[in-house]
Amino acid sequence: MARLRSPSRKTWSSLLFNGIMILILLVAMAPIALTVVISFKDQQDTIRKPPVLFPCDTATDPFDWGACRWAVEGYERVLAPEPSDSLLGFRLAGKMFRIYIPNTLLYASVTAVGVTILAGMSGFAFSRYRFRGRGLLMAAILAITGVPLLTNILALYQMGVILRKSPFPFNDRVFLIVVYLGFFLPLSVWIAKGFFDTIPRDLEEAALIDGASPIGALRHVTMPAALPGLTAIFLLTFVNVWNEFLAGYLLVSRNELKPVMFGLYDFLGANIINLQVIAAACILLALPMVVIFLFARRAFFMAMVEGAVKG
Amino acid sequence: MAQTLRRRKKSSRTYKWLPFWLIAPTIVVLLIVQVYPALYTVWLSAHEREPQGWVAVGFDNFRRIFGTSLFRESVGHTVVFLIGYVVITLILGYVVAQILSRKLLLSGFYLTLLFIPWILADILAGIVFRLLVIPDYGVLSGILGDPNLFPPRGLSILTASRPSPWIGEFPFPPSPAMIYLILAAAWRGLPFITLLLLAALQTIPSEVTESARIDGADGWKITRHITVPLILPTMVVALFSLMLGGMNGVGMVFSLTGGGPGTTTHVLSYHLYTLGWTRLRFGQAAALALMIAVVNWLLIAGTMRLTRVDERTA
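Here the protein sequences come in this chain order: A and B. The numbering of the first sequence is the working numbering, which starts it at 2 and goes up by one. The numbering of the second sequence is the working numbering, which starts it at 3 and goes up by one.
Structural data, given as structure tokens:
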């Protein structure tokens, strides 16, 4: 009797838990889904009173699929494509694509490369060598990992002000990249160390016995094995820099050097009544990061668990 | 022969210093961007910028901060925000982690979808939530503005004034904007906490819960006496990380409420920004930064104790 009942109870509980999970996900996805819907409305439908969820109502029918007035006006106003004699036949004249996205691509890629190299080097050293002060240094780096940007931003701003006045050749872009480097490096050192710990030392030792130099063993044996981990660090840093707002907003003096999240914030002020334009800008700026995450989610989860949880 | 010996000696000396050279660049960057600014903040907190330059003022900056009612109010708002944010995120995170740890067919898919809010920038997430409740035109404004649901005149989150406080000046009950801010922040913080707790749950051997079940313990008893005690350290780490993020995250306040309506979402992190960049009282802002930093350091130290750093550095 009990044996007969238990599988059906299992099915029921599985159904129940799947149901709860789907409900939670529907709620969690709702803000994003609504933003997508808003981004495809046209101006008239975003300033209706009372607001309508879907721009699909007619005089007689509150919801009619055939009558939906979908528009890409919001995207057009963000991108502002302009005919030109370039390869594609048009160029994107919107400020977002002309100024802010190129800025952020520069900051994010240079920072991510720098963090990957530096974290790879020190993570390797912490994983493979035992030297005096090692434990203390690692604990110090772990402590710094937790320090948020907010409490240091004043001093960094003031450093920028002083350096700008000094004869020292100061460059806002370099300054911002160095700040990003310092803020995203500590976590990555720990992640890198964790990844190197999982690569067996025997591999390197075998290469050393075969006559390779330590650097050669590092280049030809350890690095290829560590590549997935280093890729995870690169992507995580790239996404972090892309999403960063405060330092980009406050530490850079001229607007045309500021990164993309400032661009979005600026955009909000300029288009506060054009909801479809803001929504389209949000979607356009979030989409690349979501795509990176979906393709590399295993690496992200691995890096996060490696860096934050392992007790 | 002598030459090879010398070369070997030289190379062994190089490799003795190799770990140092590998770590040195990291240390230099961290000294410039993390350590020096932290010390500089201490110096700034004891000075104020006057027309003639920086003047030493001792502890005056702290005295001036404590003297303003806006600071006391911000502390209250921060406390209310942190309690709401931490409680909601931890409970929801635990529930979702429990469900996902049952190895449902689609657990991986659920976790991936759930993580999308986390990948969005805080400022972008704030804008997304703001779009939904923009007065009159936001999609949710229509529902919330219904006088039948929220008498007498319906609710407009971004403009509704603060309910009168229950306890003296303490900003409780929170304004609708604060509740909305808490929900938005929890929405973004949930995935990470879920992942943290899920990883902890998966370390509990199934024999433990299985044998308890055979001994007659029901689901609630297992949760109360086995699961929660076993993952308690991770719960506390999650709690500290939520507090750290909640106290220092300013992007969402920026884009969602801008501290308003009035000052009902004016939290400490936002107070720091306004002190520094709208009132240009840099010394006072530095003093506030120092106070926040002290709390941060306590949270970090607690986390490090719990995650047993000495074992991890092995």
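Every residue, glycine too, gets a C-beta built ideally from N, C-alpha and C.
Item                                                                                                                        : Value
Contact with chain B by M122/A, beta-carbon distance below 8 Å                                                              : yes
Environment of G95/A [buried if 16+ CB atoms lie within 10 Å]                                                               : buried
Cβ neighbour criterion (16 or more within 10 Å) applied to R283/B                                                           : buried
Near-chain B residues of the region 31-50 of chain A - C-beta to any C-beta below 7 Å                                       : P32, I33, L35, T36, I39, T47, I48 and K50
Distance CB(H79/B)-CB(T267/B) smaller than 8 Å                                                                              : yes
The beta strand (DSSP E) enclosing L93/A, as first and last residue numbers                                                 : F91 to L93
Reduced DSSP secondary structure (H/G/I, E/B, other) of V57/B                                                               : strand
Through-space distance from P231/B to V179/A, alpha-carbon basis                                                            : 43 Å
Residues within the region 113-125 of chain B neighbouring chain A, beta-carbon criterion of under 9 Å                      : L113, T114, L115, L116, F117, I118, P119, W120, I121, L122, A123, D124 and I125
Contact with chain A by D217/B, beta-carbon distance below 8 Å                                                              : no
Through-space distance from I48/A to L26/A, alpha-carbon basis                                                              : 29 Å
Closer than 8 Å to chain B by CB, F18/A                                                                                     : yes
Interface partners of A48/B on chain A, CB under 7 Å                                                                        : Simply none; closest approach about 13 Å.
Proximity winner among V242/A, P201/A, W243/A and N244/A, relative to P225/A (alpha-carbon distances)                       : P201/A
Residues of the region 255-276 of chain A with Cβ closer than 7 Å to any Cβ of chain B, in chain order                      : M262, L265, Y266, L269 and L276
Nearest-angstrom Cα separation, counted from F172/B out to Y158/A                                                           : 33 Å
Identified DSSP bridge partners for E75/B                                                                                   : In DSSP, E75/B forms no bridge with anything.
Contact set for P175/B: own chain, Cβ-Cβ below 8 Å, skip 5 residues either direction                                        : P165, P167 and W168
Nearest-angstrom beta carbon gap, A72/A and F1/A [assumed within contact, 8 Å]                                              : This structure gives no information on residue 1/A, because the portion of chain A shown stretches from 2 to 312.
Which listed residue (M262/A, E206/A and D198/A) has its alpha carbon closest to that of H123/B                             : It should be pointed out that residue 123/B corresponds to Ala in this sequence rather than to His. Comparing Cα-Cα distances from A123/B to each of M262/A, E206/A and D198/A, the minimum goes to M262/A.
Every unbroken beta strand (DSSP E) inside the region 57-102 of chain A [3 residues or more]                                : 82-84 and 91-93
Beta-carbon contacts of T91/B that lie in its chain and below 7 Å, excluding the five residues immediately before and after : A188, G191, L192, I195 and L244
Straight-line Cα distance separating A156/A from S47/B                                                                      : 10 Å
Sub-8 Å separation of T211/B and I228/B beta-carbons                                                                        : yes
Nearest-angstrom Cα separation, counted from T105/A out to V28/A                                                            : 31 Å
Length of the line joining the Cα atoms of G67/A and L116/B                                                                 : 32 Å
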